[in-house]
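From first to last, the protein sequence lines stand for chains A and B.
Everything in the first sequence is counted per this note's numbering, starting at 501 for the first residue and increasing by one.
Everything in the second sequence is counted per this note's numbering, starting at 501 for the first residue and increasing by one.
By construction, the Cβ of each residue, glycine as well, lies at the ideal position given by its N, Cα and C atoms.
2 protein chains.
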Amino acid sequence: MAASASYRALQGLRTMAMACRRPVQQHVQQRLIKRGASAVTFTRERQKYSHIERGDFGTVGAAEIEAFEAMLPGRVLKDEDEMVSYTEDWLGQYRGPGSVVLKPKTTEEASEILKFCHANTLAVNLQGGNTGLVGGSVPLHDEVIISTSLMNNVISFDDISGILMCEAGCILEVLDRYLEDRGFIMPLDLGAKGTCQIGGNVSTNAGGVRLLRYGSLHGTVLGLEAVLADGTVVNTLSGCRKDNTGYDLKQMFIGAEGSLGLITKVSIQAPPRPQAVNVAFLGANTYEDVLNIFKASKRSLGEILSACEFLDLESMQLTSENLGLTCPLGDYPFYVLLETHGSNDGHDEEKLQACLEDGMEQGFIADGTIAQDRTQVNDLWLIRESITSALKEDGEVYKYDVSLPLPQLYELVETMRERTEGLAVHCCGYGHLGDGNLHLNITSKEYDEDLLAIIEPYVYDFTAGVGGSISAEHGLGLMKVNHIHYSKSPEAVAVMRQIKSALDPKGILNPYKTVCAN
Amino acid sequence: MAASASYRALQGLRTMAMACRRPVQQHVQQRLIKRGASAVTFTRERQKYSHIERGDFGTVGAAEIEAFEAMLPGRVLKDEDEMVSYTEDWLGQYRGPGSVVLKPKTTEEASEILKFCHANTLAVNLQGGNTGLVGGSVPLHDEVIISTSLMNNVISFDDISGILMCEAGCILEVLDRYLEDRGFIMPLDLGAKGTCQIGGNVSTNAGGVRLLRYGSLHGTVLGLEAVLADGTVVNTLSGCRKDNTGYDLKQMFIGAEGSLGLITKVSIQAPPRPQAVNVAFLGANTYEDVLNIFKASKRSLGEILSACEFLDLESMQLTSENLGLTCPLGDYPFYVLLETHGSNDGHDEEKLQACLEDGMEQGFIADGTIAQDRTQVNDLWLIRESITSALKEDGEVYKYDVSLPLPQLYELVETMRERTEGLAVHCCGYGHLGDGNLHLNITSKEYDEDLLAIIEPYVYDFTAGVGGSISAEHGLGLMKVNHIHYSKSPEAVAVMRQIKSALDPKGILNPYKTVCAN
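Printed below as a string of structure tokens:
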């Protein structure tokens, strides 16, 4: 096959210097350890949520504090400035007063706390790394916050089966490094990996960038331990890959966003770490070309394809403007990041080259670059993973995380861009193309009810109209608690409420969010 | 690398004629369409089950039959000889009288029947292809049998996303052929594929031979439609790969063995059909060598490994003695079947060759053969998949399906062989090595309570003692309904019962089995 001009361009780019590396992750993490008085408006004072009144729960007074301090000596936070990183989310979009932060170290302590809260009908807010994006991880009113951050031990790892058992507060990236030393990899990866906790990942059924390859947590989590609202410990931790003895209870807790119980331990199937990782970053002229890249990559890369992400030009420009990142390619309407995980570098490179050659010959790849080493791999990923932080720099972000049929996926972005013109600072589309998962993000300088009214419920109507899901991976949290009907039938919601009522009859776990008992 | 003597032997075997092909599948299927009076003892007359009394349910009389016939004209079977293939299992080990067989064609009809049964407190037995192995698919007493066999349409298939939607009665192999024409593959495969139905597969969370590669149905099923005990239709069918809106209700029905509702439709993620399939059949001298083959195959074959099955010599001899199959290798204590699914035949063959060379050089592969074409691939699989049928030819089969840690997996077979010596005809160990799933099967000429007392509860005690599961993939059914405590804690069982009570308050769905409300 004769090399085309475009293909030579691709080859030429293979050795280009990558100039986009910036310490964005530190920047994000600094936001999380802030201390002192908060400038964030209480969520309950925002018009959208002002109708959600405090439930008929008990209150935390001196006697309750004393009881908690007896259970968790030195691990009860009650001053507002100590509590600030637990009472507001990292994007500064949701904030509740809360009443107290409790930090158990063991399942027994967590059980004791919940038994007490249940007996006294105290509302509880369960919290992992507090990296959620839908207001699910922080209180709305004066809920007792239970943080899993001190439950952070690896319990066991079996290097034949690849089964990892650990406590809920283990940070995703820490677990991945632990597994790296042993030749394995965590089956999920997401931008917040340096802060998010595995218990929170499982509670929210976090998706991330490698779901395409390793599947969802419903498949990779083998068992878990959870504490129910009344303090009962339900242990379904398993060292087995297969177990068909009764209902697969762990599944109810995966994605329940803490409304059915506090996940305290997790066992998860870790795949072998790939011996070869390749990343290509490609430019495309149309959304149709983006779809063609995906189809071609599925065909040519087959079993080694581990991620197929896309972003539009506006997302790319945002990371340049707000974070100073540099695009490794010229301006194109769309960019696609392809990643392969394989066991044989030679075979994988051959497959990737063939895939890209084919795309350039057929014209649906306009330009591209392939990372030459681990640093370049990280740099290319950094572009994709920095978009969330870059958006925040604009001010207020209206975040939507939807599943859509691929042919209609980008139409929603184009439509919203038209609708919000003049009011929005940016309207960006990016996400997990391989999973049909679009992140639509619109920004304004300050919170704007008029802009919000233009976006919602239109975005939900559009999504439901094409058979999509209004929450692909972020969950319902507080943001979408009243919108579940767009994606679930009344009968399904009724069954969810039956389960919620059965397991949490007083409705103390994460009230006001996800699935309420009534 | 210099070719060793063993490696030359392997190469020599690559072109050997395969002589093991026999029409075993027809043989199995003929059993299922038998008609006329049954010689099988009613399950309730066997000592093990004789204490399970009929529940306090209504009875089916002339009025109920008339009502059913009005709902399902011409699709109500009530004569014993018409009902026989529905009232006993294909192995002839479980049989109930039942009262009537109902064959709805639509969800609406299924809903109407269940509404009627619920109103009249009639116990119901839900049935797919009736290929289960634990007595879950046939009645114990006079349950109304609802068969999904006429609900067998493909609803839609999306060849970009690979998402298939179909009715519950579609036969697994028919679906796989449907997908084959479109370049995709069903994510599960099992010996009963020619008869089992996808609804039953999902209800029992069937595992099968490719779980190692494509994961469990908890990961691949994207949504389903189910009819609850009272006739309510819960539709969570989804065309999305990702959907985090509320609890993942479908998960409760996956593996519930019909005790929470009748699955009527399924949406499932089909992977692209592999462009290259390779199968190797290997001999090993010790169980340690078997484990070494598995470890080496994970390392060398990585992402293309799609099955790692094993059988012992006794299993192999059984297929020769009872079905006339011929082993492609000499006698070895163990045999391992490795399969690869990949997108590049050249790459895959290179990886497989390297894996086998390594194993023969290091001595843990004693001998082996690689299938040269699709017929040989099928022939090698036939050996593995015929063991269940071959066992049945002995007479009575005591079947155990357990998950065990790999190092202890074969110890259970050796121990049971010693314990049952003199009483058993055969004691065979085989199964899904890659998933830690052993099928332990012991046979006798006739049902023997003394032999059973030697096997149980020892087999369950052993399994629980090493942290295994007493049902890896077959489910609890009737056989293990009272043994759930070996694998699940009292707290977990209590939660299962809460869910059962909430969804089926009268306990009419598949009573006496799996998880009973109390």
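Notebook entry, point to check: Exposed or buried, what is residue 559(A) when buried is set at 16 or more other beta-carbons lying within 10 Å of its beta-carbon?
Noted result: Along the first sequence, read from residue 1 onward, the residue named residue 559(A) stands at position 59. It is exposed - the Cβ of residue 559(A) has fewer than 16 other Cβ atoms within 10 Å.
Q) In chain order, what residues of the same chain have a beta carbon less than 7 Å from the beta carbon of residue 752(B), not counting five sequence neighbours either side? A) Residue mapping note: residue 752(B) aligns to position 252 of the second sequence, counting from 1. Excluding positions up to five away in sequence, the list reads 760, 999.
Task: Whether residue 1075(A) touches residue 594(A) by CB criterion (9 Å) - done: Nothing can be reported for residue 1075(A): it is not among the residues displayed for chain A, which extend from 501 to 1018.
**Study point:** Beta-carbon proximity of residue 1013(A) to residue 636(A), cut-off 9 Å
**Key:** As a working note, residue 1013(A) is residue 513 in the first sequence. As a working note, residue 636(A) is residue 136 in the first sequence. Contact flag set, yes.
Exercise. Tell me, please, which residues DSSP counts as bridged to residue 931(A).
Key: For this step, residue 931(A) is matched to residue 431 along the first sequence. DSSP lists 810(A), 938(A) as partners of residue 931(A).
Whole-angstrom distance between residue 666(B) and residue 711(A), CA atom to CA atom: Taking the first sequence and counting its residues from 1, one reaches residue 711(A) at position 211. Taking the second sequence and counting its residues from 1, one reaches residue 666(B) at position 166. Straight-line Cα distance between these residues: approximately 24 Å.
- Could you tell me whether the Cβ of residue 707(A) comes closer than 9 Å to any Cβ of chain B? The sequence position of residue 707(A) within the first sequence is 207, counting from 1. Yes, its Cβ sits closer than 9 Å to a Cβ of chain B.
The stretch 746 to 757 of chain A: positions lying closer than 8 Å to chain B by Cβ
746, 747, 748, 749, 751, 752, 754, 755, 756
#### Entry: Sequence-distant residues of its chain with Cβ nearer than 7 Å to residue 686(B) (five each side left out)
Numbered from 1 along the second sequence, position 186 holds the residue referred to as residue 686(B). Excluding positions up to five away in sequence, the list reads 672, 675, 676, 679, 770.
TODO: Determine, using beta carbons only, whether residue 630(B) comes closer than 9 Å to chain A.
DONE: Counted from its first residue, the second sequence places residue 630(B) at position 130. With 9 Å as the cut-off, residue 630(B) does not count as an interface residue toward chain A.
Using DSSP's beta-bridge definition, name the partner residues of residue 901(B). If you number the second sequence from 1, residue 901(B) lands on position 401. Bridge partners of residue 901(B): 939(B), 971(B).
**Asked** Is there contact between the stretch 966 to 973 of chain A and the stretch 738 to 752 of chain B, where contact requires at least three CB pairs shorter than 8 Å?
**Response** yes
In the DSSP output, which residue or residues are listed as bridge partners for residue 665(B)? What you label residue 665(B) is simply residue 165 of the second sequence in a count that begins at 1. Per DSSP, 656(B), 767(B).
Discussion item. Let me see if you follow: with CB-CB separation under 9 Å, is residue 524(A) close to chain B or not?
Written reply: Within the first sequence, the letter at position 24 stands for residue 524(A). Residue placement at residue 524(A) cannot be trusted, given a pLDDT of 41 that sits under 50; the coordinates are not used to answer.
**OP:** Please confirm if residue 790(B) has its CB atom under 9 Å from at least one CB of chain A.
**Re:** Sequence index remark: in the second sequence, residue 790(B) carries index 290 (1-based). Residue 790(B) does not count as touching chain A.
(message) On the DSSP bridge list, what partners appear for residue 779(B)?
(response) In the second sequence, the residue the question calls residue 779(B) occupies position 279. Paired residues: 839(B).
For residue 957(A), I'd like the list of residues in its chain whose CB is within less than 7 Å of its CB, leaving aside the five on either flank, ordered along the chain.
The residue given as residue 957(A) occupies position 457 in the first sequence. Cβ within range, chain order: n/a, list empty.
Q) If you measure beta-carbon to beta-carbon, which residues of the stretch 989 to 1017 of chain A are closer than 9 Å to chain B? A) 989, 991, 992, 993, 994, 995, 996, 998, 999, 1000, 1001, 1002, 1003, 1014, 1015
Fill in: Sub-9 Å separation of residue 960(B) and residue 938(B) beta-carbons
The residue given as residue 960(B) occupies position 460 in the second sequence. The residue given as residue 938(B) occupies position 438 in the second sequence. Against a cut-off of 9 Å, the Cβ pair of residue 938(B) and residue 960(B) comes out as no contact.
Handout entry: Residues of its chain near residue 903(B), where Cβ-Cβ distance is below 6 Å and the 5 sequence neighbours each way are ignored
Key = Residue numbering aside, residue 903(B) sits at position 403 when the second sequence is read from its first letter. The answer, listed in chain order, is 936, 937, 968, 969, 972.
Within 8 Å, do at least three Cβ pairs link the stretch 599 to 607 of chain B to the stretch 571 to 586 of chain B? yes
For a minimum of 3 consecutive residues, which ranges assigned as the beta strand (DSSP E) are wholly contained in the stretch 843 to 911 of chain A?
867 to 870, 896 to 903
Tell me which same chain residues have a C-beta within less than 8 Å of the C-beta of residue 682(A), skipping the five on either side of it? Position 182 of the first sequence, counted from the start, is the residue given in the question as residue 682(A). So the qualifying residues of the chain are 657, 659.
| said: I'd like to know whether the C-beta atoms of residue 782(B) and residue 835(B) end up nearer to each other than 9 Å. | reply: Counted from its first residue, the second sequence places residue 782(B) at position 282. Counted from its first residue, the second sequence places residue 835(B) at position 335. Result yes, Cβ atoms of residue 782(B) and residue 835(B) sit closer than 9 Å.
* **Interfacial residues, the stretch 724 to 744 of chain B to chain A, with Cβ spacing under 8 Å** => 728, 732, 733, 734, 735, 736, 738, 739, 740, 741, 742, 743, 744
- prompt: Any residues in the stretch 950 to 975 of chain B with a beta carbon nearer than 7 Å to a beta carbon of chain A? Which ones, in chain order?
  reply: If the cut-off is 7 Å between Cβ atoms, the stretch 950 to 975 of chain B has 967, 968, 969, 970, 971, 972, 973, 974, 975 near chain A.
field: Neighbour flag for residue 837(B) against chain A, beta carbons, 9 Å
entry: If you number the second sequence from 1, residue 837(B) lands on position 337. No, because no Cβ of chain A sits closer than 9 Å to the Cβ of residue 837(B).
How do the stretch 942 to 957 of chain B and the stretch 821 to 835 of chain B stand: do at least 3 beta-carbon pairs fall below 8 Å, yes or no? no
Alpha carbon of residue 897(A) to alpha carbon of residue 688(A), nearest angstrom: Reading the first sequence from its first residue, position 397 is the one you call residue 897(A). Reading the first sequence from its first residue, position 188 is the one you call residue 688(A). Cα to Cα, residue 897(A) sits roughly 25 Å from residue 688(A).
- Message: Give me, in chain order, the residues of the same chain whose beta-carbon lies closer than 8 Å to that of residue 926(B); leave out the 5 immediate sequence neighbours on both sides.
- Response: The sequence position of residue 926(B) within the second sequence is 426, counting from 1. For residue 926(B), where only same-chain residues beyond five positions count, the Cβ hits under 8 Å are 814, 818, 891, 894, 941, 942, 943.
For residue 831(B) and residue 865(B), I'd like the C-alpha separation in whole angstroms.
Position 331 of the second sequence, counted from the first residue, corresponds to residue 831(B). Position 365 of the second sequence, counted from the first residue, corresponds to residue 865(B). Approximately 13 Å between the Cα atoms of the pair.
Review point. Going by the CB atoms, is the gap between residue 733(A) and residue 764(A) shorter than 9 Å?
Key: Counting from one through the first sequence, the residue named residue 764(A) turns up at place 264. Counting from one through the first sequence, the residue named residue 733(A) turns up at place 233. Yes. Within cutoff.
* Could you confirm whether any beta carbon from chain A is found closer than 9 Å to the beta carbon of residue 833(B)? => Working through the second sequence from its first residue, we reach residue 833(B) at position 333. Residue 833(B) is outside the set of residues whose beta carbon lies under 9 Å from a beta carbon in chain A.
request  = Under 6 Å Cβ to Cβ from residue 1004(B), same chain only, skipping five residues before and after it: list those, please.
outcome  = Start at 1 with the first residue of the second sequence, and residue 1004(B) comes out as number 504. Annotation for residue 1004(B): 729 place their beta carbon closer than 6 Å to its own, counting only its chain and skipping 5 residues before and after.
What are the boundary residues of the alpha helix (DSSP H) that residue 792(B) is part of? Residue 792(B) sits at position 292 when you count from the first residue of the second sequence. Looking at the DSSP string, the run of the alpha helix (DSSP H) that includes residue 792(B) is 787 to 801.
Within this structure, are the beta carbons of residue 703(A) and residue 754(A) separated by less than 9 Å? Position 203 of the first sequence, counted from the first residue, corresponds to residue 703(A). Position 254 of the first sequence, counted from the first residue, corresponds to residue 754(A). Yes; because the gap between Cβ atoms is below 9 Å, this pair is in contact.
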